[in-house]
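Below you'll find the structure, written out as C-alpha cells, and then a few comments.
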Amino acid sequence: MENESYVKIITEWDIVAARQLGRNVAKELGFGTVDQARITTAISELARNIYLYAGKGEMQIERINKFGKKGLKVIALDNGPGIDDIRRVMEDGFSTSGGLGAGLPGVKRLMDDFDITSSVGKGTTIQVVKWLR
Amino acid sequence: MENESYVKIITEWDIVAARQLGRNVAKELGFGTVDQARITTAISELARNIYLYAGKGEMQIERINKFGKKGLKVIALDNGPGIDDIRRVMEDGFSTSGGLGAGLPGVKRLMDDFDITSSVGKGTTIQVVKWLR
Amino acid sequence: MDFKDSLESDYREILRSYLKESNEIALYRGQKFSRESIKQQISPEEIISLHCRVLQDLFPDIQKEVLSSFDFLLEVMMDYGLAYQEHQSLRDRQLEIKSEIQIAANVQETLLETKIPQVKHLDIGAISVPAKQINGDYHHFVQDEESISIAIADVIGKGIPAALCMSMIKYAMDSLPESRRNPHHVLENLNRVVENNVDPSMFITMFYGVYDTIKHIFTYASAGHEPGFYYNSSTDIFEDIIAKGLVLGVDQDVQYHQYEKQIEAGDMIVLLSDGVTESRTEEGFMERSVITDLIREYRDLPAQEMVEKIYRNYERAQDFQIRDDFTLIILRREV
Amino acid sequence: MDFKDSLESDYREILRSYLKESNEIALYRGQKFSRESIKQQISPEEIISLHCRVLQDLFPDIQKEVLSSFDFLLEVMMDYGLAYQEHQSLRDRQLEIKSEIQIAANVQETLLETKIPQVKHLDIGAISVPAKQINGDYHHFVQDEESISIAIADVIGKGIPAALCMSMIKYAMDSLPESRRNPHHVLENLNRVVENNVDPSMFITMFYGVYDTIKHIFTYASAGHEPGFYYNSSTDIFEDIIAKGLVLGVDQDVQYHQYEKQIEAGDMIVLLSDGVTESRTEEGFMERSVITDLIREYRDLPAQEMVEKIYRNYERAQDFQIRDDFTLIILRREV
Ligand SMILES: [Mn+2]
Ligand SMILES: [Mn+2]
Ligand SMILES: [Mn+2]
Ligand SMILES: [Mn+2]
Chain A
161 MENESYVKII
171 TEWDIVAARQ
181 LGRNVAKELG
191 FGTVDQARIT
201 TAISELARNI
211 YLYAGKGEMQ
221 IERINKFGKK
231 GLKVIALDNG
241 PGIDDIRRVM
251 EDGFSTSGGL
261 GAGLPGVKRL
271 MDDFDITSSV
281 GKGTTIQVVK
291 WLR
Chain B
161 MENESYVKII
171 TEWDIVAARQ
181 LGRNVAKELG
191 FGTVDQARIT
201 TAISELARNI
211 YLYAGKGEMQ
221 IERINKFGKK
231 GLKVIALDNG
241 PGIDDIRRVM
251 EDGFSTSGGL
261 GAGLPGVKRL
271 MDDFDITSSV
281 GKGTTIQVVK
291 WLR
Chain C
42 MDFKDSLESD
52 YREILRSYLK
62 ESNEIALYRG
72 QKFSRESIKQ
82 QISPEEIISL
92 HCRVLQDLFP
102 DIQKEVLSSF
112 DFLLEVMMDY
122 GLAYQEHQSL
132 RDRQLEIKSE
142 IQIAANVQET
152 LLETKIPQVK
162 HLDIGAISVP
172 AKQINGDYHH
182 FVQDEESISI
192 AIADVIGKGI
202 PAALCMSMIK
212 YAMDSLPESR
222 RNPHHVLENL
232 NRVVENNVDP
242 SMFITMFYGV
252 YDTIKHIFTY
262 ASAGHEPGFY
272 YNSSTDIFED
282 IIAKGLVLGV
292 DQDVQYHQYE
302 KQIEAGDMIV
312 LLSDGVTESR
322 TEEGFMERSV
332 ITDLIREYRD
342 LPAQEMVEKI
352 YRNYERAQDF
362 QIRDDFTLII
372 LRREV
Chain D
42 MDFKDSLESD
52 YREILRSYLK
62 ESNEIALYRG
72 QKFSRESIKQ
82 QISPEEIISL
92 HCRVLQDLFP
102 DIQKEVLSSF
112 DFLLEVMMDY
122 GLAYQEHQSL
132 RDRQLEIKSE
142 IQIAANVQET
152 LLETKIPQVK
162 HLDIGAISVP
172 AKQINGDYHH
182 FVQDEESISI
192 AIADVIGKGI
202 PAALCMSMIK
212 YAMDSLPESR
222 RNPHHVLENL
232 NRVVENNVDP
242 SMFITMFYGV
252 YDTIKHIFTY
262 ASAGHEPGFY
272 YNSSTDIFED
282 IIAKGLVLGV
292 DQDVQYHQYE
302 KQIEAGDMIV
312 LLSDGVTESR
322 TEEGFMERSV
332 ITDLIREYRD
342 LPAQEMVEKI
352 YRNYERAQDF
362 QIRDDFTLII
372 LRREV
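Here's what the structure looks like:
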C-alpha cells in the first residue's frame with residue numbers, strides 16, 4: 161500500500177529511523193509542531209519497548225482517513241515474550257518521574273486512540289492513532 | 161536597619177512592589193536568574209495570601225549573614241484571622257494544579273528555610289530564607 | 042563529572058549538533074537528555090534558563106530582546122515547576138499509601154482465610170479475586186462431622202470500608218457456632234449485628250447454606266444475594282437457586298425463609314457474587330448464560346480448575362479491567 | 042472568547058509589554074497567565090511552542106537558528122509534559138483513595154464506638170485521636186451492674202492494617218462476655234485469637250481493667266501495654282500502674298498476671314497509649330512527667346475537659362504533626 165511504511169526495529173538506530181519516519185508523515189499530514197513532537201515521542205517509546213523487551217519487531221506508520229477525518233496510525237508489532245499482566249502495565253506507573261520514559265500510559269496520553277493485544281510467548285501488538293483536528 | 165526593607169500590603173499593586181523589592185535584593189546579593197525567580201514567586205505567594213486572607217499586612221525583606229553564609233530573608237506579617245489548622249494548610253494541597261498558585265507547601269519548596277506561627281484571631285507570621293550557594 | 046556538572050556542556054553540544062544538521066538523531070539525544078534531567082530532579086524552569094545561557098553562548102550576537110524574553114518564559118514556567126515538584130511528593134505519598142493498602146490486604150487475607158473442605162464424594166472449587174487491592178467479597182467454609190456450611194457475602198461498596206465490614210462478618214460468624222446448622226438463624230443473627238454496628242449507608246448481601254454430607258440435602262437462605270445455580274446432571278439443565286430475603290442491615294427484625302434441595306450424583310451447586318454476572322463488557326452486560334455455558338464447557342474438569350478457567354475467561358472478556366470483586370464457588374456431588 | 046482562543050494574543054501582549062518596559066508588573070501578569078494556563082491543562086511543551094510563535098511574530102527578523110532551537114527545547118520539554126500529566130492523574134487517584142479511607146474511618150468509628158459509663162461517684166473522660174485518618178488505637182468501656190470494664194489497645198503499625206486488626210479485637214471481645222470480669226482471662230483469650238488470626242509481623246499491646254463500683258477495687262492485667270498512672274490524692278503522688286505481660290499474638294500459651302488496687306476518694310486512674318508519652322518534639326522525646334504535670338495542672342476540671350485540654354497542649358507541642366495515635370482515659374473516684 162502506498163500510504164503505509166515500515167521500519168524494522170533491530171538496533172537502537174532503528175528507533176531514530178522510526179521517529180524520523182513518523183515525524184515526516186506527521187508533518188506532511190499537516191500536524192502542528194507540538195503534535196509532531198507528541199507523535200514522535202509516542203513512536204520513540206513504542207520502538208524503544210520493542211528494542212528493549214522483545215529484541216526485534218516492526219513499526220508501521222499509516223495515514224488513515226475515516227468518515228472524512230484524517231489521522232496517523234502507528235502499529236508496533238513484535239513476537240517477543242508478551243505481557244502477562246496488562247492490567248499492571250497500563251497502571252500509572254511511576255516510569256516518567258523515574259526518568260524511564262513515558263511508559264504505555266504515557267503513550268496513551270500522547271495519542272488519541274490506543275489498543276493493545278498481547279499473548280505470553282507469542283508477542284504484542286499495539287495500535288495508536290492521532291487524529292488531525 | 162539599613163539591610164532591611166518594608167512593603168505594606170494593602171492593594172494588589174503592593175504585591176508587585178514586594179516582588180520588585182525582593183527581586184532587586186536577590187539580584188544585588190548575587191542570586192542567579194532561576195533563584196531570583198524562585199524568591200520572587202515565594203514573595204508573590206506570601207503577599208497574595210496577606211492580600212486575600214488577612215486584608216492587609218507587611219512584607220519585610222532582609223539580607224542576612226550567618227556563619228559567613230549570605231542569604232535573603234522574607235518575613236510576612238499580618239493581624240488577620242490566623243490559621244486554625246496548620247496541619248491541613250501545610251499538607252500537599254492540590255492548589256498548584258487547580259491554578260490556585262503555590263500554596264504554603266510551594267513556598268516551602270521554593271525557599272530553604274520555612275517557619276510559621278499563627279494564632280486564631282491574632283494573625284500569622286511566616287519567615288522564609290533562601291541561602292546563597 | 043556527574044550529570045549536573047556536565048548539564049550545560051551536554052546540552053550545548055546536542056543543541057549545536059541539532060542546529061547544524063537538524064536531524065532526528067539530535068532530537069532523540071535531546072529526549073534522552075530530558076529523561077536524565079528528570080531523573081536528576083532538574084525542574085523545567087532550570088531547563089529554560091539553561092537553554093537561554095546556551096543560546097547566548099552559541100550566538101553572541103543574539104538580539105537582546107530575545108534573550109530577555111527568556112526571563113519572561115522562565116517566570117511563566119515557575120508554576121509548572123511547582124506542579125512538577127508536587128508531583129514528586131504526591132508520587133511518594135501514593136507509594137506509601139499503596140504499600141499500606143497492600144499490608145491491609147495481606148492482613149485481610151490472613152483474617153478471612155478459609156480452607157476448602159475435603160469430603161468424600163464431594164468436589165469443591167472456590168476462587169475470589171478483588172477488583173482493587175482489597176476484597177469486599179467474603180466466602181467461608183466450615184466443615185463439621187456430618188455437614189459443611191458455606192457462606193458467601195458481598196458488601197455494597199468496595200475497597201477499604203468493605204474490608205472493615207467483612208472482618209466484622211467473620212467475627213460475628215465465629216461467635217455463633219450453635220445455630221450454624223440453621224441458615225435462617227445465621228442470617229437473622231448476622232442481620233442484627235450488621236444493623237447495630239454498621240453505618241446505615243452500608244448493606245451486605247449474603248447467602249448461607251449447609252450441605253448435609255450424609256443425606257446430600259442442601260439447606261440454604263439468602264439475604265438479597267445474587268442467586269446461584271443448581272445444575273441437574275440428569276437433565277443437563279441449570280436452574281437458579283432462588284431464595285428471597287432482605288439484605289443485611291436494613292431492618293432489625295427480618296425473618297429469613299429457609300429452603301432445601303436434594304442433590305443427586307453428578308449435580309452441581311454454583312454460588313457466586315454479582316461481580317461474576319454483572320460484568321460489563323464492551324458489548325454491554327454479560328448474561329448469566331455466559332457463566333452457565335462456561336461451566337458446561339469445563340464440566341469434566343476438577344471443580345478448582347473449573348473456577349480458575351472461568352475466571353481467566355472472564356478477565357479476558359473484561360479487557361483486564363475488573364470492576365467488581367469476583368467470587369465463584371462450585372460444589373459437585375461425585376457419587 | 043475563552044482562554045484557549047485568547048492564549049496567544051494574551052501571551053504576545055504581556056510579553057511585548059515586558060520587553061518594552063522590562064518591569065515587575067508584566068512578570069506578575071506572566072505568573073497569573075501561568076496559573077490560568079495550568080488550570081486550563083495546557084502542558085509545558087505548548088507554552089514553549091507558544092513562546093516561539095510569539096517571538097517570531099514580534100521579531101520577524103529573528104535568527105533562523107534561534108527559532109529552530111525552540112524545536113529542540115520543545116522535544117526536551119515533552120517528558121516534563123508527560124510527568125505533568127501524570128501528576129493530574131495521580132492527584133485524581135489520590136483524592137479517590139483519600140475519600141475511600143475517609144469512608145473506612147467512618148465505618149471504623151461506628152464499629153468501635155463506645156459510650157463513657159455514667160456511674161455515681163465516678164468521673165470518666167476519654168479521648169482518642171488518630172495520627173492519620175484511621176485510628177490504630179482502640180478503647181472500649183462496658184458497664185455492668187457492679188462494675189465497669191475498660192479496654193485500651195494499640196496495634197503496632199498504623200493506618201488501614203491496624204484498623205482491620207482493631208475490628209477483630211472488638212468482635213473477639215464481644216464474644217467473651219462470661220469471662221469479662223477476669224482481666225487475665227480476657228487477655229489470654231484475645232491472645233489466642235490474635236495468634237491464630239493475625240500475620241506474625243503484627244502485634245497488639247493491650248491493657249484490660251475492671252473497676253468494682255461497689256468496693257472501688259481496680260483489677261487489671263496488661264499485655265505489654267504502655268503503663269498508666271495511679272494518682273494518690275492524699276499524698277499528691279503519681280505512680281506507674283505496672284503490670285507485666287507479653288504483647289498479644291506472639292505465643293499461644295501466655296498466662297497473664299492479674300493485679301489489684303484499692304482506689305480512694307479523689308484518686309485517679311490514668312490509662313493511655315504510647316502515642317501520649319513517646320511523642321517526639323523538637324527538643325527530643327517528651328517525658329512521662331510532662332503528662333503528670335499537665336494532669337496535676339488541670340486536676341480541678343471534669344475528667345472529660347482534662348483529657349481534651351491535655352490533648353490540645355500535646356498537639357501544640359508536636360508542632361501539629363502527630364506521629365502516633367493518641368488515646369488518654371482518666372477515671373476519678375469522686376467520693
Ligand atoms: Mn462488593
Ligand atoms: Mn459485588
Ligand atoms: Mn499503633
Ligand atoms: Mn502507639
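Protein chains in written order, with the numbering used here: chain A, 161 to 293; chain B, 161 to 293; chain C, 42 to 376; chain D, 42 to 376.
The beta-carbon is built from N, C-alpha and C at its ideal position, and this holds for glycine as well.
Close to chain D, meaning a Cβ-Cβ distance shorter than 8 Å, are the following residues of the stretch 129-142 of chain C: L131, R132, R134, Q135, I138, E141, I142. Residue range 105-153 is occupied by the alpha helix (DSSP H) that includes C/F111. For D/A146, the shortest separation between its Cβ and any heavy atom of ligand 3 does not lie below 7 Å. With a threshold of 7 Å, the Cβ atom of A/I210 does not count as near ligand 3, since no heavy atom of the ligand is closer than that. Counting other Cβ atoms within 10 Å of its Cβ, A/F227 stays below 16 and is therefore classed as exposed. If you draw a 10 Å sphere on the C-beta of D/N237, you find fewer than 16 other C-beta atoms in it, and that means exposed. Leaving aside the five residues that flank D/E62 on each side, none in its chain has a CB nearer than 8 Å to its CB. C/S75: member of the alpha helix (DSSP H) spanning 65-80, first to last residue. C/A192 has its CB no nearer than 7 Å to any heavy atom of ligand 1. Nearest neighbour of B/L237 by Cα position, chosen from B/S165, B/L292, B/T193, B/I286, turns out to be B/I286.
Counting only Cβ-Cβ distances below 8 Å, A/R179 has contacts in chain C at E65, L68, Y69, in chain order. By the Cβ criterion, the stretch 105-125 of chain D is not in contact with the stretch 151-159 of chain C, since fewer than three pairs of Cβ atoms, one from each stretch, lie closer than 8 Å. Fully enclosed alpha helix (DSSP H) runs of no fewer than 4 residues occupy 246-249, 263-270 of the stretch 207-288 of chain A, in order along the chain.
Sorted by position in the chain, C/D195, C/S314, C/D315, C/G316, C/D365, C/D366 make up the residues whose C-beta lies under 6 Å from a heavy atom of ligand 2. Counted as a single uninterrupted DSSP element, the stretch harbouring D/K350 is not any beta strand (DSSP E) but the alpha helix (DSSP H) occupying residues 344-358. D/D98 sits exposed, since fewer than 16 C-beta atoms from the chains shown fall within 10 Å of its C-beta. Contact annotation for C/Y121 against chain D: S75, I79, P85, I88, Y121, Y125 [CB-CB distance below 8 Å, chain order]. Note on geometry: alpha-carbon atoms of C/Q72 and A/K187 lie some 19 Å from one another. Contact annotation: the stretch 84-93 of chain D does not touch the stretch 138-146 of chain C, with fewer than three C-beta pairs closer than 8 Å. In the structure shown, C/I210 adopts helical secondary structure according to DSSP, grouped into three states.
The beta-bridge partner set that DSSP reports for C/M309 consists of C/Y272, C/R373.
In the structure shown, the three-state DSSP call for C/T333 is helix. In terms of Cα proximity to C/F279, the closest of C/D308, C/D178, C/Q82 is C/D308. For D/I88, the enclosing alpha helix (DSSP H) begins and ends at 85-99.
B/W173 and B/L270 have their C-alpha atoms roughly 22 Å apart. Contact annotation: the stretch 250-263 of chain C does not touch the stretch 200-215 of chain C, with fewer than three C-beta pairs closer than 8 Å. CA-CA distance, A/V267 to C/Q362, rounds to 19 Å. Ranked by Cα distance from D/V331, the options D/L342, D/V317, D/D341, D/P343 are led by D/V317. For B/T201, at least one C-beta of chain C is nearer than 8 Å to its own C-beta. When rounded, the separation of the alpha-carbon atoms in A/E251 and C/Q143 is 16 Å. Put simply, the CB of D/D98 is far from chain A, with every gap to its CB atoms at 8 Å or more. At least one CB of chain C lies nearer than 8 Å to the CB of D/Q104.
Annotation for C/K302: the continuous beta strand (DSSP E) segment containing it runs 300-303.
C/I351 sits buried, since 16 or more C-beta atoms from the chains shown fall within 10 Å of its C-beta. Within chain C, the residues whose beta carbon sits less than 7 Å from that of A/V176 are E65, I66, Y69, listed in sequence order.
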